[in-house]
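One structure is given below, encoded as structure tokens.
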Amino acid sequence: MSISTAPHPQPPSATNRWLAVAAITAALTVLTLLTTLLPQDLVPWQARDAGTLALGVFIESFPFVVLGTVVAVAVQFWVPQHLLLRILPRSAVLRRCALSLLGFLLPVCECGNVPLARGLLRRGFAPAEAITFVLAAPLLNPVTIITTYQAFGFQDGILIARIVGGFAVANFIGWLFSRLPQHAPVLAAQLQNALAHEHGDACNSTANSTACCSNNAHKTSPTGTGTATADSTATRPPLRPGNRSKLQDVSAAFTAELLLLMPALALGSLLAGLIQTATPRELFYALGTHPLYSVLVLLVLAAIVSICSTVDAFFMLSFSSVFTPGAIATFLVFGALIDIKMLLLLRTTFTGRALALITIAAALCCIALGLGVNLLV
1 MSISTAPHPQ PPSATNRWLA VAAITAALTV LTLLTTLLPQ DLVPWQARDA
51 GTLALGVFIE SFPFVVLGTV VAVAVQFWVP QHLLLRILPR SAVLRRCALS
101 LLGFLLPVCE CGNVPLARGL LRRGFAPAEA ITFVLAAPLL NPVTIITTYQ
151 AFGFQDGILI ARIVGGFAVA NFIGWLFSRL PQHAPVLAAQ LQNALAHEHG
201 DACNSTANST ACCSNNAHKT SPTGTGTATA DSTATRPPLR PGNRSKLQDV
251 SAAFTAELLL LMPALALGSL LAGLIQTATP RELFYALGTH PLYSVLVLLV
301 LAAIVSICST VDAFFMLSFS SVFTPGAIAT FLVFGALIDI KMLLLLRTTF
351 TGRALALITI AAALCCIALG LGVNLLV
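Residues 1 to 377 (the UniProt record's numbering) make up the sequence shown, in order.
In structure tokens:
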């Protein structure tokens with residue numbers, strides 16, 4: 001596992017900060033006007049429905065994004081790297097399996113796991129490991145499991161398919177990324193530059209230069225899993241300029257992460273509302289009983305509706321008499337892995353090519369899962 005130090009955060013520039021705030025404010029203002037303030041005769045019902053749906057997605061997701069950012073910053077600054085390395089298995093496969101179960105300790109929905117994945121990357125974890133975590137954690141956490149059980153119980157194996165399928169799909173995709181060449185573009189350029197900058201800060205500090213760079217603490221193995229060779233001095237935070245306190249560093253990191261994620265969340269919520277309104281639902285109902293077409297329909301619907309994994313089981317409960325069990329299992333797994341809102345959030349961390357690979361692999365795995373459930377029940 002490659003080693004990186006606790007970040008020395010760089011506050012976003014004034015221009016970027018105000019652009020992010022303006023984008024969020026404008027999106028929320030438009031949605032509020034469409035849904036509540038303007039008279040009904042001035043707003044077409046399609047626009048009003050789109051605004052209501054988009055605002056609902058945003059309000060549902062916002063607390064989890066904030067919570068995930070808080071936890072991610074706490075991990076970056078207060079969880080010693082040697083502790084993470086000590087408690088996780090040395091085997092790359094077993095380490096990814098362990099990370100995929102981290103959601104039991106951090107039960108937030110998929111929105112909150114994006115900043116957590118960024119925090120893992122800043123603590124030196126490989127991209128394949130961060131991807132495994134961000135895909136598995138929304139499915140393998142107690143809140144999601146309990147709500148799915150309350151909605152479906154053990155009916156038609158839906159709960160078991162969601163748990164086992166989520167674990168298997170996340171680890172399979174993580175394994176795929178671990179097999180990519182070391183130079184393959186996986187991380188977004190902005191994050192890659194930030195990690196390189198933090199590495200430079202750590203290695204250029206007088207306290208760390210020998211321990212960090214001379215001992216090759218930041219080198220990564222060809223498999224992308226990395227090695228842990230640094231001692232405790234290499235994981236020490238870089239020196240702070242002037243009288244800058246740790247609390248100021250934490251505040252700057254929290255602000256930078258939140259301002260990076262919020263525009264993506266607002267845009268993703270808006271797109272989800274627009275697409276839901278424009279999608280003909282009659283077509284979905286017409287294909288609901290076919291063993292293959294029902295799976296494909298709910299795969300598409302899962303990407304569109306962008307419902308958090310902690311509540312999506314109750315949404316699907318109303319469709320249980322229309323769609324096959326395999327289609328419902330596909331929705332519950334794929335929707336927690338990939339949706340419009342999630343893709344825009346993940347784009348702050350991973351490249352478009354990496355997201356395309358994740359989406360295709362997740363879709364194929366979930367289709368196979370849905371067909372398997374339909375054949376067995």
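Even for Gly, the Cβ is constructed at its ideal location relative to N, Cα and C.
Quick one: what's got a C-beta closer than 7 Å to residue i's C-beta in the same chain, skipping five residues either side?
{"i": "residue 112", "result": "64, 65, 67 and 68"}
{"i": "residue 294", "result": "287, 288, 323, 324 and 327"}
{"i": "residue 210", "result": "Only weak support exists for where residue 210 lies, its pLDDT of 39 falling under 50; the coordinates are left without a value."}
{"i": "residue 50", "result": "273, 274 and 277"}
{"i": "residue 167", "result": "100, 136 and 140"}
{"i": "residue 283", "result": "none"}
{"i": "residue 369", "result": "161, 165, 329, 330 and 333"}
{"i": "residue 90", "result": "none"}
{"i": "residue 88", "result": "95 and 98"}
{"i": "residue 214", "result": "Interpretation of residue 214 is limited by its pLDDT of 39, a score under 50 that renders its predicted location unreliable; no figure is taken from the coordinates."}
{"i": "residue 250", "result": "73 and 77"}
{"i": "residue 14", "result": "Any reading at residue 14 must be qualified, since the residue scores a pLDDT of 48, below 50, and its modelled position is unreliable; the value itself is stated next. Closer than 7 Å at the Cβ level, and outside the excluded window around residue 14, lies no residue."}
{"i": "residue 355", "result": "343, 346 and 347"}
Assuming residue i contacts residue j (C-beta within less than 8 Å), just tell me the rounded distance between them.
{"i": "residue 333", "j": "residue 165", "result": "5 Å"}
{"i": "residue 100", "j": "residue 136", "result": "3 Å"}
{"i": "residue 277", "j": "residue 46", "result": "5 Å"}
{"i": "residue 317", "j": "residue 151", "result": "5 Å"}
{"i": "residue 97", "j": "residue 171", "result": "6 Å"}
{"i": "residue 191", "j": "residue 349", "result": "6 Å"}
{"i": "residue 187", "j": "residue 351", "result": "7 Å"}
{"i": "residue 265", "j": "residue 62", "result": "7 Å"}
Quick one: what's got a C-beta closer than 8 Å to residue i's C-beta in the same chain, skipping five residues either side?
{"i": "residue 371", "result": "291, 292, 295 and 326"}
{"i": "residue 60", "result": "307, 308 and 311"}
{"i": "residue 157", "result": "325, 329, 373, 376 and 377"}
{"i": "residue 104", "result": "140, 141 and 142"}
{"i": "residue 196", "result": "none"}
{"i": "residue 362", "result": "135, 169, 173, 334, 337 and 338"}
{"i": "residue 70", "result": "254"}
{"i": "residue 149", "result": "159"}
{"i": "residue 44", "result": "none"}
{"i": "residue 285", "result": "322"}
Could you work out which residue in the options is closest to residue i when comparing CA atoms only?
{"i": "residue 106", "options": "124, 123 and 139", "result": "139"}
{"i": "residue 347", "options": "282, 271, 158 and 189", "result": "189"}
{"i": "residue 123", "options": "83, 148 and 343", "result": "83"}
{"i": "residue 262", "options": "144, 131 and 57", "result": "57"}
{"i": "residue 353", "options": "197, 42 and 184", "result": "184"}
{"i": "residue 314", "options": "304, 195, 245 and 147", "result": "147"}
{"i": "residue 366", "options": "117, 42, 338 and 343", "result": "338"}
{"i": "residue 336", "options": "319, 299, 155 and 246", "result": "299"}
{"i": "residue 29", "options": "355, 267, 95 and 345", "result": "267"}
{"i": "residue 163", "options": "280, 270 and 144", "result": "144"}
{"i": "residue 109", "options": "119, 94, 134 and 37", "result": "134"}
{"i": "residue 280", "options": "297, 74 and 369", "result": "297"}
{"i": "residue 73", "options": "54, 114, 102 and 182", "result": "114"}
{"i": "residue 342", "options": "270, 249 and 43", "result": "270"}
{"i": "residue 305", "options": "55, 364 and 44", "result": "55"}
{"i": "residue 75", "options": "95, 52, 102 and 90", "result": "102"}
{"i": "residue 95", "options": "70, 80 and 132", "result": "132"}
{"i": "residue 155", "options": "250, 32 and 320", "result": "320"}
{"i": "residue 32", "options": "48, 22 and 355", "result": "48"}
What are the partner residues of residue i, as DSSP defines its beta bridges?
{"i": "residue 187", "result": "350"}
Sorted by chain position, which residues of the same chain lie with C-beta nearer than 6 Å to residue i's C-beta, five sequence neighbours on each side aside?
{"i": "residue 376", "result": "none"}
{"i": "residue 128", "result": "174, 177, 178 and 224"}
{"i": "residue 130", "result": "117, 120 and 121"}
{"i": "residue 302", "result": "331, 334 and 335"}
Just to confirm, does residue i get its C-beta within under 7 Å of one of the non-hydrogen atoms of the ligand FAD?
{"i": "residue 360", "result": "Of the ligands one can find in the structure shown there are none, so the ligand FAD has no counterpart to examine."}
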